[in-house]
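Heads up: the structure comes next, in structure tokens.
Number of protein chains: 2
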Amino acid sequence: MTDAQTGEPTALDRVLELVSLLNRDMQVSFERDGLTEARAHLLWVLRGGPVTQRVLADALAVTPRNVTGLVDGLVASGHVARAPHPTDRRAVLVTLTDAGAALLATMVAGHAEMHDVLFGGLSERQLRDFRRTLDGVVDRLRRRLEEEWG
Amino acid sequence: MTDAQTGEPTALDRVLELVSLLNRDMQVSFERDGLTEARAHLLWVLRGGPVTQRVLADALAVTPRNVTGLVDGLVASGHVARAPHPTDRRAVLVTLTDAGAALLATMVAGHAEMHDVLFGGLSERQLRDFRRTLDGVVDRLRRRLEEEWG
DNA sequence: ACAACATTGTGAAGTATGTTCACGACATGA
DNA sequence: TCATGTCGTGAACATACTTCACAATGTTGT
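Those sequence lines, one after another, are chains A and B. Each residue of the first sequence is one higher than the one before, starting from 28 at the first, in the working numbering. Each residue of the second sequence is one higher than the one before, starting from 28 at the first, in the working numbering.
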């Protein structure tokens, strides 16, 4: 949607364009690393340490059955291993292999680099103002979603 | 990733959170309308008028073969119809049905409402500053992508 | 201790989105 | 007309999702 008067894209259009560009950049990075988006997301969750598949399912907002498939893929590519849970014999701890940890490190570095690409050119004050407004926008959106669908 | 000193999320984290929330909101809206994300995206492109599947493939950045499948789905749900191209007998014009046009109208309205949810509470000056910074960020990201992968 | 119940992960089966490859139908330009 | 390119689709496949059923295991109440 564009402004009826000027034909300029609205602020929302700009945000959606940013979303699109970020998604594209991530997809390219993941592909370069031999990962899909879903598997990269799972790996990203693992930077907090080993967790059960149930926890992964909640973190990724998908069904436990789907996590089984994603972990299968990452096991096959050697990024992740299944370990027994120390106290719960039903559960499985998904842990990073050395290769997985190394890949995750490059992802973390890429994350930092992306921050620099996006915000490195801004002044201290500009960044602070932008963050303040952005925080408000995000909070407002989150509150809207919570109101509307719990 | 969080700031090492304070544990606060970075500006990039906030942006990614916004991405996630927007995606979730859209998904919910699409589902309510009986659409998937890919089909909704295709419908959205059609708000500019009927186009060939080739044009859709370029606009959606997917293969022509995939567009065939998406159009099949939208034909089955009655939102879209295939019409012959007036001059090129190879090509197909994908056109909105009445139901599709009605649905698209609600999507456009939702787009406007989203703009209001996100930015309605901002002052004129706040919105202008935010847009200026956002434009710079988007341009910088786009330039980076063009440099790196044409 | 033990029966009832809840939770964890996975097999089976299905849907949607996406790909590549091959090919027929058509357009286009020498 | 003949070579070459373009448009859409069949066939076959990969990935990411889902629901449903179920076995193995934890947990809780009596």
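C-beta: ideal position from N, C-alpha, C; glycine also.
For B:P91, the enclosing alpha helix (DSSP H) has its first and last residue at 91–103.
In the DSSP assignment, B:R109 is bridged to B:V121. By the CB criterion at 8 Å, B:F157 and B:L168 fall outside the cutoff. Beyond the five residues adjoining it in sequence on each side, A:G61 comes within less than 7 Å, by CB distance, of S104 in the same chain, given in chain order. Approximately 7 Å separates the beta-carbon atoms of B:V107 and B:T122; this is inside 8 Å, confirming the contact. Annotation for A:L83: L69, V72, V94, V121 place their beta carbon closer than 7 Å to its own, counting only its chain and skipping 5 residues before and after. At least one CB of chain A lies nearer than 8 Å to the CB of B:G148. For B:A128, no CB of chain A lies under 8 Å from its own CB, so it is not counted at the interface with that chain. Taking B:T90 as the centre and dropping the five residues before and after it, the same chain places the C-beta of A84 closer than 8 Å to its C-beta, in chain order. Following the DSSP letters along the chain, one finds B:L83 inside the alpha helix (DSSP H) bounded by residues 80–87. Chain-order list of chain A residues neighbouring B:E44: V165, by C-beta distance under 7 Å. Beyond the five residues adjoining it in sequence on each side, B:L97 comes within less than 7 Å, by CB distance, of A65, R66, L69 in the same chain, given in chain order. Close partners of B:F157 in chain A (Cβ separation under 9 Å): A38, D156, F157, T160, L161, V164. For the set B:N50, B:L43, B:R59, B:D40, the Cα lying nearest the Cα of B:L130 is the one of B:R59. Annotation: the continuous alpha helix (DSSP H) that includes A:L70 extends over 64–72. In terms of CA proximity to B:L39, A:D143 leads the group A:Q80, A:T133, A:D143. When rounded, the separation of the alpha-carbon atoms in B:A139 and A:A86 is 31 Å. Contact between A:T79 and A:V119 holds, with the beta-carbon distance rounding to 6 Å and staying under 8 Å.
The C-beta distance from A:L48 to B:V165 rounds to 7 Å, short enough to meet the 8 Å contact threshold. The shortest C-alpha to C-alpha distance from A:G75 to any of A:A132, A:T37, A:A126 is the one to A:A132. Chain B places no beta carbon closer than 8 Å to that of A:H68, leaving this residue out of the contacts. B:G147 counts as exposed, since fewer than 16 other beta carbons sit within 10 angstroms of its beta carbon.
Taking 8 Å as the threshold, the shortest C-beta distance from A:R171 to chain B falls below it.
In terms of Cα proximity to A:Q54, the closest of A:G137, A:L161, A:R170 is A:G137. Between B:H112 and the set B:G127, B:A88, B:R81, the nearest pair of CA atoms involves B:R81.
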